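These notes are about the structure you will find just below.
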Amino acid sequence: MQINELKEEFRMLYGSGEIRTFTSPGRVNLIGEHIDYNGGYVLPCALGFGTYACARKRNDRKINFASTNFHLKVEVDIDEIKFSESDEWANYPKGVIVEIMKKGYKISGMDILVSGNIPNGAGLSSSASLEMLMAVIIDNLFNEGKLDRIELVKLCQRAENTFVGVNCGIMDQFAIGMGKQNKAILLDCNTLKYNYCNVDLKDNCLVILDTNKRRALNESKYNERRAECEEALRILQTQKQINALCELSIEEFNEMEKLIKEDNARKRAKHAVYENERTKEAYKYLNEGKIEKFGKLLAASHNSLRDLYEVSGKELDTIVDEALKAKGCLGARMTGAGFGGCAIAIVKKAKLDNFIDIVRENYKSKIGYEPSFYLSGIGDGTEEIYS
Ligand code: GLA
-19 MQINELKEEF
-9 RMLYGSGEIR
1 TFTSPGRVNL
11 IGEHIDYNGG
21 YVLPCALGFG
31 TYACARKRND
41 RKINFASTNF
51 HLKVEVDIDE
61 IKFSESDEWA
71 NYPKGVIVEI
81 MKKGYKISGM
91 DILVSGNIPN
101 GAGLSSSASL
111 EMLMAVIIDN
121 LFNEGKLDRI
131 ELVKLCQRAE
141 NTFVGVNCGI
151 MDQFAIGMGK
161 QNKAILLDCN
171 TLKYNYCNVD
181 LKDNCLVILD
191 TNKRRALNES
201 KYNERRAECE
211 EALRILQTQK
221 QINALCELSI
231 EEFNEMEKLI
241 KEDNARKRAK
251 HAVYENERTK
261 EAYKYLNEGK
271 IEKFGKLLAA
281 SHNSLRDLYE
291 VSGKELDTIV
301 DEALKAKGCL
311 GARMTGAGFG
321 GCAIAIVKKA
331 KLDNFIDIVR
341 ENYKSKIGYE
351 PSFYLSGIGD
361 GTEEIYS
């Protein structure tokens, strides 16, 4: 939906007057999967599409939420916000408001209309996009855009952890809040130090392959994987002073892994340590323009997520296999939490049309329905639109 149409719909809902407009991207993670909560490095980027909003201050303490994607409208009093299953999508912005208030930032009543074009449950972070959108609206409407961006990122993660109940790491909110056009972010999730890196894929492009198998993060095994990693960490801590699994080098881990008797916990920890190394290497290759080597690491990451971390699944494995078999593909892997959702592939531009046709056909014949393909550029983080 165009911003002008969204404004028109906003006027129809809430009447005429000043309207402020905002945009917040989705994200893909290039590599560094399931290690943000293990203190590792991740390499995500913001997408060129996302969630949009029109917003206006009110003179009372009421917030009206509406969306062009869902029929459900929700009205809340700022001072009485509670989680409610029946408020569905509005729980994400409600959680952000609760965290904003805990920090003592300014806020008052608002009318809000959002519109998103990130498919839900596709692993492209529609929820973090919505959270950051809410945080930046409040920043710009009531706090003169002066709030510290990384504080907002952390606060949105807390909203998802404590209000919505998904124990996610910091990656999604960070990528969405801090994204820059044509750049990936190498983020050290232990210290939150970060570096931007040009994504110059030369004569290749980044393709997002959506399995069209939807997943709900809060129903998935996400929290279980975190618990298994915590268990492995607890055991390793009896031998070495570490705060996170990704503080270990591969050599250190190989020496210590026998301490973890339980197979699953050992496999999860191994993935975390090796994936962290792969991410650092991938960042180096991307900077050096060694795209073939970069692509190989993507494929290795997928194998580890499939075999050691066990967060892939029939649909993701099929789409990645088919992508890797197609001509002109330099690498492919699942992206995001897994169990469905999207994969990414690096593909020669000259072979792109053929790549899409072949993967579509082969995936459909194995899975029974078609995948979708998105050729999104890498966009900027959440911001107000001035036009
Ligand atoms: C989800 C979480 C992130 C991260 C990824 C897996 O997207 O929200 O914090 O853990 O899964 O890398």
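Per the working numbering, numbering through the sequence shown is continuous, rising by one, with the last residue being 367.
Just so it is clear, CB atoms sit at the ideal spot from N, CA and C, and this is done for glycine as well.
The structure presented is a predicted model; accordingly, all values stated were derived computationally and were not measured.
Given a threshold of 16 other Cβ atoms within 10 Å of its Cβ, counted over all protein chains shown, does residue i qualify as buried or as exposed?
{"i": "Ala330", "result": "exposed"}
{"i": "Asp57", "result": "exposed"}
{"i": "Met314", "result": "buried"}
{"i": "Arg248", "result": "buried"}
{"i": "Gln214", "result": "Contrary to the premise, residue 214 reads as Arg rather than Gln in this sequence. When all chains shown are included, Arg214 counts as exposed."}
{"i": "Thr171", "result": "exposed"}
{"i": "Gly20", "result": "buried"}
{"i": "Phe(-10)", "result": "buried"}
{"i": "Ser345", "result": "exposed"}
{"i": "Ser383", "result": "The chain is shown only over -19 to 367; residue 383 falls outside these bounds and no answer can be derived."}
{"i": "Gly149", "result": "buried"}
{"i": "Arg38", "result": "exposed"}
{"i": "Phe233", "result": "buried"}
{"i": "Lys82", "result": "exposed"}
{"i": "Ile156", "result": "buried"}
{"i": "His14", "result": "buried"}
{"i": "His251", "result": "buried"}
{"i": "Asp59", "result": "exposed"}
{"i": "Leu52", "result": "exposed"}
{"i": "Glu65", "result": "exposed"}
Who does residue i pair with in a DSSP beta bridge?
{"i": "Asn175", "result": "Leu166"}
{"i": "Glu55", "result": "Asn44"}
{"i": "Asn100", "result": "Its beta-bridge partners do not exist; DSSP assigns none."}
{"i": "Met314", "result": "Ala323"}
{"i": "Ile92", "result": "Ala35, Phe45"}
{"i": "Tyr354", "result": "Ile188"}
{"i": "Ala26", "result": "Arg7"}
{"i": "Tyr366", "result": "According to DSSP, which records beta bridges pairwise, Tyr366 is partnered with nothing at all."}
{"i": "Arg129", "result": "Note: Arg129 sits in no beta bridge, so no partner."}
Check whether the Cβ of residue i lies closer than 6 Å to any heavy atom of the ligand SAH, and answer yes or no.
{"i": "Met114", "result": "This structure does not include the ligand SAH; its bound ligands are the ligand GLA."}
Assuming the contact rule is C-beta atoms closer than 8 Å, residue i and residue j should be a hit. Round their C-beta distance to whole Å, please.
{"i": "Arg41", "j": "Gly89", "result": "5 Å"}
{"i": "Gly12", "j": "Leu23", "result": "5 Å"}
{"i": "Ala323", "j": "Ala312", "result": "6 Å"}
{"i": "Leu181", "j": "Ile326", "result": "6 Å"}
{"i": "Ile117", "j": "Ile92", "result": "7 Å"}
{"i": "Arg7", "j": "Leu104", "result": "7 Å"}
{"i": "Lys201", "j": "Glu295", "result": "Wrong, their Cβ atoms sit about 16 Å apart, outside the cutoff."}
{"i": "Gly364", "j": "Asn120", "result": "Going by the sequence as given, residue 364 is Glu instead of Gly. Right, their Cβ atoms sit about 5 Å apart."}
{"i": "Tyr265", "j": "Lys273", "result": "5 Å"}
{"i": "Gly361", "j": "Met158", "result": "5 Å"}
{"i": "Pro351", "j": "Asp190", "result": "6 Å"}
{"i": "Phe319", "j": "Gly359", "result": "In fact, because the Cβ distance is near 26 Å, the residues do not count as touching under 8 Å."}
{"i": "Lys160", "j": "Tyr176", "result": "6 Å"}
{"i": "Cys25", "j": "Ile(-1)", "result": "Not quite, the Cβ-Cβ distance comes to about 29 Å (not below 8 Å), so this is no contact."}
{"i": "Cys136", "j": "Gln153", "result": "4 Å"}
Counting contacts by CB-CB distance shorter than 7 Å, is residue i in contact with chain B?
{"i": "Cys177", "result": "In the structure shown, chain B does not exist; there is a single protein chain."}
*For the ligand GLA, which residues count as neighbours when the test is a C-beta closer than 5 Å to any heavy atom?*
For the ligand GLA, the selected residues are Glu13, His14, Asp16, Cys148, Gly149, Met151, Asp152, Gly316, Ala317.
*Going along the chain, which unbroken runs of the alpha helix (DSSP H) with 4 or more residues stay wholly within the region 225 to 289?*
Taking only runs of at least 4 residues, the alpha helix (DSSP H) segments lying wholly in the region 225 to 289 are 230 to 236, 243 to 268, 271 to 287.
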